[in-house]
Every structure is written in structure tokens, then in C-alpha cells.
Amino acid sequence: MKVLRCWRLGFAMLFMMSLLLSLPAKASSENQATYKTLAQHVMLISLVEPTADRQQYLAILKGHSEAEKFEYIDAIQADIAEFWHQRGVVLSYDKLTNNASLKRKTFALEPNAEDYLSVLNHIRRLMWLNTRHEWASIQPGGLLRPGDSHKTISAISQRLWLLGDLSSRSETQYIFDNTIALAVAKFQSRHGLKPDSVIGPQTLHWLNQTPMQRAELLAANFVDKTSYQSDLGEQYLLVNIPAFEMILVSDSQVALTSKVIVGRSYRRTPVMKGQISNIVINPTWTVPKKLMRRDILPKVAEDGSYISDRQFDVFDVTGTKVNKTPQEWQEVVRTEPFPYRLVQRPGEINALGRYKFHFKNDLNIYLHDTPDKNLFAEDDRALSSGCVRIEKIQELAEWFASNVVIDKRTWQRMQTDASKTQWFSLSQTVPIHFVYWNAWVDDANLAQYRNDIYHLNNTKQTIVANNSTSRLQSASR
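Residue numbers for the sequence shown follow this note's numbering, beginning at 74 and rising by one.
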């Protein structure tokens with residue numbers, strides 16, 4: 074009996090000793106996982122704002138001794154926190170006490186964005202591709218269509234496979250078969266292109282974008298979006314210009330999405346924000362002077378009947394209506410500066426359509442309907458003179474009518490009147506935001522990219538601190 078007791082006691086002591094000995098190893102393993110997570114965060118912000126310090130931080134986190142990691146960890150965390158603070162992003166990290174664990178601090182540094190991990194995973198994959206695969210430019214020398222045979226098909230199929238649009242590939246594949254055609258269509262859809270499986274200049278442009286270029290684009294757009302969305306509130310309209318899309322958010326939930334038409338590259342829809350204060354049913358359209366000179370008057374010079382055919386009223390500086398024959402209008406346009414104001418009457422051909430959503434701004438920008446519904450079928454919808462046209466305009470109007478329009482009785486009565494202009498006040502203004510985000514990860518975990526229609530990404534500045542060793546030196550002291 075005593076022997077049995079001694080055996081049990083000895084076994085228990087051995088178990089406790091082994092447990093104690095294993096704790097440092099587990100703690101070290103947990104720390105290594107935390108350092109890896111921290112390194113991924115540093116990689117993300119380095120793609121947006123590279124500095125020599127951050128490159129050094131990455132090297133320390135990926136290698137070096139445990140002691141050196143511990144030596145620099147406070148500086149690394151402070152750098153990440155400062156990056157987000159400069160962009161107005163509040164972090165859970167800000168509320169932690171100094172004695173919080175390394176793991177807790179690391180996760181608290183992550184911005185409160187639903188797509189953070191999915192974006193980070195895509196960037197990790199792209200950075201891996203950047204180090205493992207060549208990305209030479211593919212130049213077939215012309216259009217490639219399903220059924221074609223070409224020496225570049227193998228390289229194209231490999232690229233589609235690496236980017237996740239093709240499930241498998243053959244290194245000796247030179248026929249543009251149906252499997253590749255489906256993968257090309259999927260790739261085109263992810264890039265806002267017509268999914269016709271024809272490889273033309275736009276598809277080729279995106280196929281040739283390197284993994285590093287894609288990673289930088291995803292990172293920059295994620296940071297911009299996260300910074301902007303930090304204080305949007307629970308109700309707003311948001312137009313993403315290069316995505317040609319509008320979303321309506323109500324009670325923090327997406328209530329409506331719609332295709333939109335935005336400004337041409339030389340008549341850009343501005344990045345801006347405002348407060349929608351009124352809706353107009355059957356709006357008139359007062360033609361802006363610049364648009365009148367560029368678009369309307371040349372047509373009047375060719376055809377004097379254009380003014381009456383397009384249902385324009387003409388007013389002089391005193392507000393008096395002016396009437397002339399088609400020939401007289403042509404003469405005025407051709408021989409002297411046009412001193413009049415053009416106002417298009419409400420109706421089916423009115424350029425603003427049935428509804429106009431008004432918010433105060435100095436650029437005469439607003440949301441409105443359009444009589445040219447067929448334009449929403451286009452993939453490239455940079456077609457307007459700056460204002461934004463909404464495809465689902467009726468659904469948007471109905472939401473406003475149900476939620477913020479004050480005079481609902483008049484609203485209902487006006488639904489059958491297509492000739493009278495009526496302004497409606499709102500019980501509260503609705504924020505409107507025009508943003509420019511051309512890369513993101515969607516709800517299906519697919520990386521989406523859009524053309525830089527206004528060439529704004531070319532203005533990105535690479536920042537390298539002149540005193541790049543200053544923080545490292547201070548951290549090591």
C-alpha cells in the first residue's frame with residue numbers, strides 16, 4: 074500500500090515538473106505567432122507608407138532573437154498606432170493599460186474593419202506570389218478569343234491560375250478552350266470589365282499588373298476606406314466613383330445598391346461630401362454656362378430647332394422669356410456671345426429625368442434620374458458631365474419618401490403628375506459621400522479591382538523618412 078502511494082506521489086510530481094517545463098515553450102510559441110501577426114500588420118502599412126524603420130521592423134519580427142524582438146516591440150506597436158491615429162482611426166489599443174499582454178496589444182492594434190483579415194490574407198498571397206513567380210508582360214499582339222490558338226495561352230492560363238480564377242492549368246496549353254474562357258470571364262467580372270472572355274487591351278492590362286502592384290493597390294484602398302468609414306454614422310448615401318456604384322445605408326445596414334453614371338475623365342465627378350436637403354419631382358434643368366458653351370450651343374448652330382425640340386425655355390438677364398425663330402437662334406449663336414440662360418422644362422426628355430436629389434455645393438453637382446436608361450448597360454459608365462445618374466432612382470426616391478420626406482400626401486399626389494415641378498423638404502438631411510476606391514475584397518472574399526478612371530493613383534507618394542534610424546536608435550537606448 075505504501076509502495077502504491079509512493080508511486081502515485083512520484084507520478085504526480087513528474088507530471089507537474091513536465092508541465093512547468095513546457096510553459097516557457099508554449100509561451101515562446103504563442104509569442105512567435107504574435108510576432109508573425111504583428112509583422113503582417115507592419116507589411117500592410119509599409120505598402121501604403123514605406124519607411125526605412127518599417128523595413129527594419131519587418132526584419133526584426135521575421136528573424137532575429139527573442140531578446141531583440143522584445144527590445145523593439147514597444148516602438149513597433151507605437152508606430153502602428155501612430156499610423157492609424159494620423160488617419161483618424163480609433164483603436165482598441167488606445168484603451169489598454171501598459172501591463173496588457175503582447176498578444177492583446179497586437180490584436181487591439183487592428184482597425185475595427187470587417188474586411189481587415191480578408192484584405193490581409195489577399196495581400197499575403199500577393200506578396201508570396203511576388204517573391205516566387207516571374208511576372209513578365211504578356212503581349213499577344215492582338216485580340217484573343219475562345220477557340221484561338223496562341224503561344225501566350227499557356228502564360229495566360231498560369232496567371233489566371235495563380236490569381237485564383239482558374240482551378241488547374243497545363244504548361245502545354247495553347248488552345249483558348251472553354252475552361253480558360255470561363256476563367257477569363259470570371260477575371261473580367263472581378264475587374265469591372267465586360268465578361269465576354271475576349272482578351273483585349275483592358276483585360277491584358279490587368280493580367281499584366283504585378284502582384285506587388287495589386288498588393289499596393291489593395292492596401293492603399295483599404296487604408297483610405299477604413300479611415301473614411303471611421304465616422305460615417307448609421308445612415309448615408311455613398312457613391313464609389315470608379316466602381317460606378319451607389320449604396321444606401323440605413324440603420325448601419327445596406328438598404329439599396331445601384332449602378333451609377335459618373336463624370337467623364339475630362340469632366341470629373343469630384344471626391345466630396347454634403348447633406349441632401351431636398352428632393353425635386355419633375356425638375357427643370359438650368360444648363361450650366363460651361364456645359365452650354367461646350368455641348369448645347371454647337372448643336373444650336375447646326376440646327377436652330379434644337380432649342381424648341383429639346384423643350385428649352387430661354388431667358389435674358391432680367392428673367393424675361395425670349396422667343397426667336399430657329400434661324401434667328403442660329404444667327405445669335407454664330408455671331409455674338411450668347412447672353413441668355415437655358416432652362417429645360419420637365420418631361421420625358423428632361424436631362425435630369427423624374428427626380429433630382431439636391432445638396433448644397435459650389436460645383437452644381439447632384440444626384441438625378443436620366444432618360445437614357447440604356448447607358449446603365451455599359452461597363453465603363455464615366456459618361457456624364459460631373460453629376461451622378463442613378464439607375465434605381467425610383468427605389469431611392471421611395472426610401473426617401475418613406476423615411477424623411479415631410480409632405481407625404483403631396484408626394485403621393487405628385488406621382489401621377491409629370492409636368493409640375495415640386496420641391497420637397499426633408500425631416501432630416503441625409504449625408505452623401507463621393508469616394509474613390511478602386512480595389513477591395515468583397516463579401517464573397519474575391520479581390521475586386523477597377524480602372525483608375527481619373528488617374529488618381531498615379532499621384533501616390535512614396536515616403537521614406539530622412540532620419541530613418543532615429544526611432545530605432547531611441548528604441549535601443
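The C-beta atom is built at its ideal place from N, Cα and C for all residues, glycine as well.
Problem set entry | Where E471 sits in the DSSP three-state scheme | Along the sequence shown, read from residue 1 onward, the residue named residue 471 stands at position 398. E471 falls in the helix class under three-state DSSP.
Exercise. In three-state terms, what does DSSP make of A517?
Worked result: In the sequence shown, the residue the question calls residue 517 occupies position 444. Here DSSP, grouped into helix, strand and coil, assigns A517 to coil.
For this session: Compute the Euclidean distance between the alpha carbons of N530 and V192, then round it to the nearest angstrom.
Result: Numbered from 1 along the sequence shown, position 457 holds the residue referred to as residue 530. Numbered from 1 along the sequence shown, position 119 holds the residue referred to as residue 192. One C-alpha to the other measures close to 19 Å.
Problem set entry | As assigned by DSSP and simplified to three states, the class of W208 | Position 135 of the sequence shown, counted from the first residue, corresponds to residue 208. Coil at W208, not helix or strand.
Exercise. Is there contact here, the region 351-370 with the region 425-444, by at least three beta-carbon pairs under 8 Å?
Worked result: Verdict: yes, contact present.
Exercise. According to DSSP, is T359 helix, strand or coil?
Worked result: What you label residue 359 is simply residue 286 of the sequence shown in a count that begins at 1. Strand, per DSSP.
Problem set entry | Same chain, Cβ closer than 7 Å to L216, neighbours up to 5 away in sequence not counted | Locating residue 216 in the sequence shown gives position 143, counting from the first residue. These residues qualify, in order along the chain: V271, I272 and G273.
Problem set entry | Simplified DSSP state of I479, which is helix, strand or coil | Walking along the sequence shown from the start, residue 479 turns up at place 406. I479 falls in the coil class under three-state DSSP.
For this session: Please report the residue range of the alpha helix (DSSP H) in which Y247 lies.
Result: Working through the sequence shown from its first residue, we reach residue 247 at position 174. That residue, Y247, is in no alpha helix (DSSP H); it is neither H nor E in DSSP.
Exercise. So, is Q488 buried or exposed, given that buried needs 16 or more other C-beta atoms within 10 angstroms?
Worked result: For the purposes of this step, residue 488 is identified with residue 415 of the sequence shown, where counting begins at 1. Exposed, because fewer than 16 other Cβ atoms sit within 10 Å of the Cβ of Q488.
Problem set entry | DSSP three-state assignment for S95, whether helix, strand or coil | Taking the sequence shown and counting its residues from 1, the one referred to as residue 95 is at position 22. Reliability of the predicted coordinates at S95 is poor, the pLDDT of 45 falling under 50, and no value is obtained from them.
For this session: From the DSSP output, in three-state form, read off W402 for me.
Result: Translated into positions along the sequence shown, residue 402 becomes position 329. Helix at W402.
Problem set entry | Backbone CA spacing between I349 and L311 [nearest angstrom] | Taking the first residue of the sequence shown as position 1, residue 349 is located at position 276. Taking the first residue of the sequence shown as position 1, residue 311 is located at position 238. C-alpha separation (whole angstroms): 12 Å.
Problem set entry | Residue closest to K397, alpha-carbon to alpha-carbon, out of G377, R383 and T391 | By one-based count along the sequence shown, residue 397 stands at place 324. That would be G377, whose Cα lies nearest to the Cα of K397.
Problem set entry | Reduced DSSP secondary structure (H/G/I, E/B, other) of P504 | For this step, residue 504 is matched to residue 431 along the sequence shown. Three-state result, P504: strand.
For this session: Specify, as a first and last residue, the run of the alpha helix (DSSP H) that F180 falls within.
Result: As a working mapping, residue 180 is identified with position 107 in the sequence shown. F180 -> alpha helix (DSSP H) spans L175 to A181.
Exercise. Mind checking whether L266 and R232 have CB atoms under 8 Å apart?
Worked result: As a first step, residue 266 must be located in the sequence shown, where it is residue number 193. As a first step, residue 232 must be located in the sequence shown, where it is residue number 159. Result no, Cβ atoms of L266 and R232 do not sit closer than 8 Å.
For this session: Using 10 angstroms around the beta-carbon of H528, count the other beta-carbons present and answer buried if the total reaches 16, otherwise exposed.
Result: For the purposes of this step, residue 528 is taken as residue 455 along the sequence shown, with counting starting at 1. Only exposed fits H528, as fewer than 16 other CB atoms lie within 10 angstroms of its CB.
Problem set entry | Buried or exposed (CB count within 10 angstroms, at least 16 for buried), A256 | Indexing the sequence shown from 1 puts residue 256 at position 183. A256 comes out buried.
Exercise. Going straight from the alpha carbon of P219 to that of F249, what length do you get?
Worked result: Locating residue 219 in the sequence shown gives position 146, where the first residue counts as 1. Locating residue 249 in the sequence shown gives position 176, where the first residue counts as 1. One C-alpha to the other measures close to 5 Å.
Problem set entry | Which residues DSSP lists as bridging G336, in chain order | For the purposes of this step, residue 336 is identified with residue 263 of the sequence shown, where counting begins at 1. Paired residues: S457.
For this session: Spatial neighbours of L96 within its chain, please: CB distance less than 8 Å, with the 5 preceding and 5 following residues excluded, ordered by chain position.
Result: Mapped onto the sequence shown, residue 96 falls at position 23. Reliability of the predicted coordinates at L96 is poor, the pLDDT of 40 falling under 50, and the value obtained from them is presented with this limitation in mind. In its own chain, leaving out the 5 sequence neighbours on each side, no residue places its CB closer than 8 Å to the CB of L96.
Exercise. Measuring CB to CB, does W496 end up less than 8 Å from N294?
Worked result: Looking up residue 496 in the sequence shown gives position 423. Looking up residue 294 in the sequence shown gives position 221. The Cβ-Cβ distance between W496 and N294 does not fall below 8 Å.
For this session: State the start and end residues of the unbroken beta strand (DSSP E) segment that holds D126.
Result: Along the sequence shown, read from residue 1 onward, the residue named residue 126 stands at position 53. Counting along the chain, D126 falls outside any beta strand (DSSP E), though it belongs to the alpha helix (DSSP H) covering A125 to K135.
Exercise. Using the beta-carbon count (16 or more within 10 Å), is R454 buried or exposed?
Worked result: Within the sequence shown, residue 454 is the residue found at index 381, counting from 1. By the 10 Å Cβ count, R454 comes out buried.
Exercise. In angstroms, rounded to a whole number, what distance separates the CA positions of Q384 and S338?
Worked result: Along the sequence shown, one-based indexing puts residue 384 at 311. Along the sequence shown, one-based indexing puts residue 338 at 265. Approximately 29 Å between the Cα atoms of the pair.
Problem set entry | Nearest-angstrom Cα separation, counted from L131 out to A125 | As a first step, residue 125 must be located in the sequence shown, where it is residue number 52. As a first step, residue 131 must be located in the sequence shown, where it is residue number 58. Taken atom to atom, the span from the alpha-carbon of A125 to that of L131 is near 10 Å.
Problem set entry | Inter-residue spacing [alpha-carbon to alpha-carbon] between A258 and L175 | Counted from its first residue, the sequence shown places residue 258 at position 185. Counted from its first residue, the sequence shown places residue 175 at position 102. About 45 Å.
Exercise. How would you call L94, buried or exposed, if buried means at least 16 neighbouring beta carbons within 10 angstroms?
Worked result: For the purposes of this step, residue 94 is taken as the residue at position 21 of the sequence shown. Residue placement at L94 cannot be trusted, given a pLDDT of 43 that sits under 50; the coordinates are not used to answer.
For this session: List the residues that DSSP assigns as beta-bridge partners of N313.
Result: Mapped onto the sequence shown, residue 313 falls at position 240. Answer is E318 and V508, bridged to N313.
Problem set entry | Among K346, R418, L469 and G161, nearest to S492 - alpha-carbon criterion | Against the sequence shown, residue 492 aligns to sequence position 419. Closest by alpha carbon: R418.
For this session: Please classify N530: does DSSP put it in a helix, a strand, or coil?
Result: For the purposes of this step, residue 530 is identified with residue 457 of the sequence shown, where counting begins at 1. DSSP places N530 in helix when its eight states are reduced to three.
Exercise. Is it buried or exposed for Q261, if we count other Cβ within 10 angstroms and need 16 for buried?
Worked result: For the purposes of this step, residue 261 is taken as residue 188 along the sequence shown, with counting starting at 1. Flag for Q261 reads buried.
Exercise. What is the residue span of the beta strand (DSSP E) that N447 lies within?
Worked result: Locating residue 447 in the sequence shown gives position 374, counting from the first residue. Taken as a continuous stretch (DSSP letters only), N447 belongs to no beta strand (DSSP E), as it is neither H nor E.
Problem set entry | H556 versus D188: straight-line alpha-carbon distance, rounded | Nothing about residue 556 can be read from this structure; the chain reaches only from 74 to 550.
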